[in-house]
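Position one of the sequence shown corresponds to residue 0 (numbering that gives the first Met the number 0), numbered consecutively onward. We put the beta carbon where it would ideally sit given N, CA and C, even for glycine. To start, the structure under review is shown below, and the notes come after it.
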Amino acid sequence: MDDASQIHIPESFIRLQTRPGQRPAPLAQHIARRFEVCDDMANALVTRAQEVQFKLGITEPDVIDKVLEGLLELAGEEPDSVLSPPEARWVVCHMAEQLGWTEHLSPELRAMAGGLLQ
Numbered sequence: 000m001d002d003a004s005q006i007h008i009p010e011s012f013i014r015l016q017t018r019p020g021q022r023p024a025p026l027a028q029h030i031a032r033r034f035e036v037c038d039d040m041a042n043a044l045v046t047r048a049q050e051v052q053f054k055l056g057i058t059e060p061d062v063i064d065k066v067l068e069g070l071l072e073l074a075g076e077e078p079d080s081v082l083s084p085p086e087a088r089w090v091v092c093h094m095a096e097q098l099g100w101t102e103h104l105s106p107e108l109r110a111m112a113g114g115l116l117q
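Shown next as structure tokens:
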């Protein structure tokens, strides 16, 4: 990414935005904008996830599933979509990381998150 950027964007997120073999530098501004949206979404969902768990009395994996289901309903491949489906999954992984719930991620989400969980 751009050395002048002050935002640290995880490799797991950069991989969502680029094709294999594609250099991310030409897409740096786009990737940074998308990362800020997804990072803000994950941060906002931390408190909401805790509230849902408390109010419904459900387990961490159930909360993760509910949040993912909700985000995937909002996600789309259209340019005006808030999130793409891969970004929605990344947001859930990032939220789980912040909550200390990464052990409750499904194998699919763990594989997708890659470097995020290191």
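Taking the alpha carbon of residue i as the point to measure from, which residue in the options has its own alpha carbon closest?
i                : options                         : result
leucine 15       : Asp38, Glu50, Trp89 and Pro60   : Trp89
glutamate 96     : Arg32, Val81 and Ala112         : Ala112
isoleucine 30    : Leu108, Ser83, Ala110 and Leu44 : Ser83
leucine 67       : Asp38, Leu98 and Leu108         : Leu108
isoleucine 63    : Pro85, Arg47, Glu35 and Val36   : Arg47
valine 91        : Glu10, Gly69 and Pro25          : Gly69
phenylalanine 34 : Leu98, Gly99 and Thr17          : Thr17
histidine 93     : Lys54, Val36, Pro23 and Ile57   : Val36
glutamate 86     : Asp38, Pro19, Ala110 and Ala27  : Asp38
Is residue i near residue j, with beta carbons less than 8 Å apart?
i             : j            : result
histidine 103 : glutamate 59 : yes
valine 81     : leucine 71   : no
lysine 65     : valine 51    : yes
isoleucine 13 : proline 25   : no
Would you give the residue range spanned by the alpha helix (DSSP H) that residue i belongs to?
i            : result
aspartate 64 : 59-73
aspartate 39 : 27-55
histidine 93 : 84-98
serine 80    : No alpha helix (DSSP H) holds serine 80; DSSP gives it neither H nor E.
serine 11    : 10-16
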